[in-house]
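Going by the numbering used here, the sequence shown opens with residue 3, and the numbers climb by one from there. We put the CB at the ideal spot given by N, CA and C, even for glycine. What you are looking at is a predicted structure, and each value in this text was computed from that prediction instead of being measured. A quick write-up on the structure given underneath.
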Amino acid sequence: MNIGAYSMNWTKNILVTGGAGFIGSHVVRLLVNKYSDYRIINLDKLTYAGNLNNLTDISVSDQHIFLKDDICDTSRIKQIFDEYQITDVIHLAAESHVDRSIERPMEFVMTNVVGTVNLLQCAKDAWSNDFSKHVFHHVSTDEVYGSLGAEGLFEETTAYDPRSPYSSSKASSDHFVRAFHHTYGLQIKISNCSNNYGSHQFPEKLIPLMINNIVHNKPLPIYGKGDNIRDWLWVEDHANAIDAIFHEGSAGESYNVGGLNEWTNIELVKYLCNTMDTKLGRSKGESEKLITYVVDRAGHDMRYAIDASKLEAELNWKPSLEFEEGLDKTVDWYLANTKWIDQITSGSYKEYYETMYQNK
Ligand code: NAD
Ligand code: TYD
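Shown next as structure tokens:
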């Protein structure tokens with residue numbers, strides 16, 4: 003069946019990669035709900051991090067098509083560009099966890115570097131008649147800039163200095179995306195966002211891991227002294243930023259995304275413990291007793307902090323929520339969605355958790 007024949011009805015056919023993951027599912031939700039004239043082709047390999055239960059409230063329809071595929075599969079990606087008459091790409095598919103990248107760097111090279119170049123090549127081939135009508139938006143991270151000391155913020159002009167296998171693979175993909183702009187004329191946009199938090203995040207990352215462990219009275223593993231700093235942004239504010247950059251950002255440009263919201267890991271976990279003591283009806287200080295200092299992450303970046311003034315000034319974006327409010331909503335979501343988390347934390351998650359934390 004030539005599904006492309008229906009594309010006349012849609013003003014855009016957007017290929018969203020990684021749309022069953024944490025941030026990708028929020029991006030798909032935003033696009034499907036906000037733009038009824040866009041067709042969203044959601045492509046995801048469904049690795050351990052991809053989860054169709056992240057999309058239960060967005061029905062699969064003519065407007066939202068789900069494809070279980072790998073961004074590294076050249077012939078299949080070419081076929082998808084052709085069959086669905088893809089007009090634009092928003093690329094989020096990636097291996098995304100630093101700790102896993104330390105164990106298995108090659109998987110990060112394959113998906114984050116090779117997969118991205120494969121998508122770029124397919125987009126270039128499909129759009130070569132007129133690049134000006136098409137956008138390739140690459141979703142990247144602030145971790146490409148490396149690690150800050152006590153002062154300063156990452157700006158778009160900060161030199162890349164990635165230090166983990168994860169950030170190195172993302173930095174490499176950013177360079178390829180830019181190269182396809184300068185060399186071939188592809189209309190690319192790159193967003194570099196700080197740490198996200200919110201609903202549907204896989205519980206290998208700090209905030210959902212801590213929430214889940216607090217609920218189950220399990221130790222709260224703090225790497226090193228807990229004094230590393232991250233700059234946290236609510237995932238829906240990131241999705242709004244992607245929407246703004248995809249539509250209004252200048253081609254060839256990068257935009258930093260962040261909310262000036264720095265926390266040391268230990269302050270954040272203590273705050274979470276207090277919040278959850280109240281919600282779970284525990285006495286004050288009870289959950290904090292679960293805090294356990296463990297061996298530090300190898301090459302642990304000290305501090306990330308984003309200057310998002312370009313995005314604010316040029317595209318009028320700003321975060322919609324204060325962190326305390328966003329964290330409150332997030333905790334409530336995890337407490338209300340025990341089925342979602344139970345499904346994830348059974349099976350291979352247990353194996354991962356034991357391997358990752360047994361020697362710490
Ligand atoms: P995630 O791990 O939750 O989701 C990644 C998704 O990509 C999963 O659904 C997975 O199945 C899919 N995927 C992995 N390999 C694939 C492949 N070869 N082909 C097709 N699909 C594949 O990640 P996330 O936290 O949602 O991050 C999404 C993007 O945003 C990533 O590119 C990440 O680098 C970037 N980012 C994340 C954060 C953060 O705090 N989580 C911050 C800034 C930028
Ligand atoms: P993480 O959520 O993995 O994001 P990233 O490393 O990409 O910033 O980790 C956030 C911070 O929390 C980071 O400094 C490492 C730390 N951390 C812990 O202390 N314990 C944990 O169990 C995890 C997963 C992270």
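- Counting every other CB atom within 10 Å of its CB across the protein chains shown gives Asn-318 a total below 16, marking it as exposed.
- For Ile-82, the enclosing alpha helix (DSSP H) covers residues 76 to 85.
- At a Cβ-Cβ threshold of 9 Å, Gln-189 and Phe-138 count as neighbours.
- Distance from the Cα of Gly-52 is smallest, within the candidate group Ser-38, Gly-26, Ile-73 and Thr-76, for Gly-26.
- Within the chosen limit of 8 Å, the ligand TYD reaches the beta carbon of Gly-228 through at least one heavy atom.
- When the alpha-carbon of Glu-157 is set against those of Ala-307, Ser-98 and Ile-192, the nearest one is in Ala-307.
- Proximity of the stretch 125 to 133 to the stretch 142 to 161 falls short of the contact definition, fewer than three beta-carbon pairs being nearer than 8 Å.
- DSSP places Tyr-359 in the uninterrupted alpha helix (DSSP H) bounded by 350 to 359.
- Under the DSSP assignment, Leu-45 falls in the beta strand (DSSP E) whose first and last residues are 40 to 46.
- When Leu-32, Lys-352, Arg-102 and His-202 are compared, the shortest CA-CA separation from Ala-338 is found for His-202.
- Of the other Cβ atoms in all chains shown, 16 or more fall within 10 Å of the Cβ of His-136; this residue is therefore buried.
- In this structure, Thr-113 has its CB closer than 8 Å to one or more heavy atoms of the ligand NAD.
- At least 9 Å separates the beta-carbon of Phe-83 from that of Val-119.
- When distances are taken from the beta-carbon of Val-62 to the heavy atoms of the ligand NAD, even the shortest one reaches 8 Å or more.
- The nearest non-hydrogen atom of the ligand NAD is 8 Å or more from the C-beta of Asp-330.
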